[in-house]
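**Student:**
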Amino acid sequence: MWDLIWSICCSSIIFVVFKLFDTYGVDTFRAIIVNYFTALGVGLLVYQQPVFLQELPQKPWFAGALLLGSFFILIFNLMALTSQRMGVSVASVATKMSLVIPVVAGIALYKEQISPVQATGITLALAAVYFTSMKSGGRGIRKELRALILPALVFLGSGVIDTSIKYLQHTRIPQVEYPLFSALVFGFAGTTGILLLFFKKPKGATRFNGVTILGGIALGVPNFFSIYFLLRALQFEGLNSASIFTLNNVAIVMLTTLAGIVFFKEKLSLKNWMGIFLAVISILLISLF
């Protein structure tokens, strides 16, 4: 369970760092690129074994890491935009409501069994995520179609990423290679980001200032460990993947919402507190039963 707790903490830090990017004027796209190469370096340090480049394409998970890495850079930028334009809690909610996708996949693909009590907990978790996201004015995520585009894309993308991680963990990746797999995912993401940067703005592609580099490093360390510890948590025999993803996501929503209050003076309404209460109940139902 400690692996799950550490993954939750690291994922929550990511949303806070995104918000700080906006506060300190960090170039988000370049910082995300630095973040990925930072995560690559951290992963290679954690792996602590020699890496032979010519052998990597033979790994059964190599193609999956390549595709995930290319997808990561897109979703991460959408998460950053959502966090900055609509608030930390909305970005967190859009990401974590996507737990529905891997939960359904776990039941359909891996024949995972969910007890009635756990199903109730998952339902309460979804309600908790919604209520926790609602702004103090009571509107929550704005209902205009244009305002829903960013959260909807983050929702779908995050669900696909979580489902893919579970599939690769379940079918392709030996536990000893978790750090190497995570490192290569981030390495491919960083490489994709560099290519996109030169494609979009070739004249300004080398403008990485000190603030951007520091921001990228601050993001990269928790980003690596959020994936690494999630992979380890999915090995836990006491809970199936549906329960793991639900606990992970609803706890992140709670922490990021509270972080928004403490660090960014975001206000909580009665519905927000109701969401936090439901989140606690859902965690108890899923983890204890």
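Going by full-length UniProt numbering, the first residue of the sequence shown is number 1, and it counts up by one from there.
We put the CB at the ideal spot given by N, CA and C, even for glycine.
None of the values given here were measured: they were computed from a predicted structure.
(1) Can you give me the Cβ contacts of Phe-186 inside the same chain, cut-off strictly under 6 Å, excluding the 5 residues immediately before and after it?
(2) Where do the N-terminal and C-terminal ends of the alpha helix (DSSP H) with Gln-84 fall, by residue?
(3) Could you tell me how far apart the beta carbons of Ile-75 and Ile-161 are, in whole angstroms, since I believe they sit closer than 8 Å?
(4) Answer with buried or exposed for Leu-124, where buried requires no fewer than 16 other C-beta atoms within 10 angstroms of its C-beta.
(5) Quick check on Met-1: does DSSP put it in helix, strand or coil?
(6) If you draw a straight line from the C-alpha of Val-104 to the C-alpha of Ala-218, how long is it?
(7) Near Leu-99, what residues of its chain come up, given a Cβ to Cβ distance below 6 Å and the 5 sequence neighbours on each side ignored?
(8) Mapping the DSSP letters down to three states, classify Leu-285 as helix, strand or coil.
(9) What residues in its chain sit with their C-beta under 7 Å from that of Val-211, if we drop five residues either side in the sequence?
(10) Specify the secondary structure class of Val-26 as computed by DSSP and reduced to three states.
(11) Terminal residues of the continuous alpha helix (DSSP H) containing Arg-232?
(12) Using only alpha-carbon positions, find the residue among Glu-266, Ala-189, Ala-251 and Phe-263 that is nearest to Ser-12.
(13) Along the alpha helix (DSSP H) that carries Asn-249, what are the first and last residues, could you check?
(14) Have a look at Arg-85 and Leu-68 and give me their C-alpha separation to the nearest angstrom.
(15) Does DSSP classify Lys-111 as helix, strand or coil?
**Tutor:** Taking the definition as stated:
(1) Tyr-36, Ala-39 and Leu-40
(2) 62–86
(3) Sure, about 6 Å apart at Cβ, within 8 Å.
(4) buried
(5) coil
(6) 33 Å
(7) Phe-245, Thr-246 and Asn-249
(8) helix
(9) Tyr-24 and Val-26
(10) coil
(11) Arg-232 -> alpha helix (DSSP H) spans 210–233.
(12) When the alpha-carbon of Ser-12 is set against those of Glu-266, Ala-189, Ala-251 and Phe-263, the nearest one is in Ala-251.
(13) 241–264
(14) 25 Å
(15) Lys-111 falls in the coil class under three-state DSSP.
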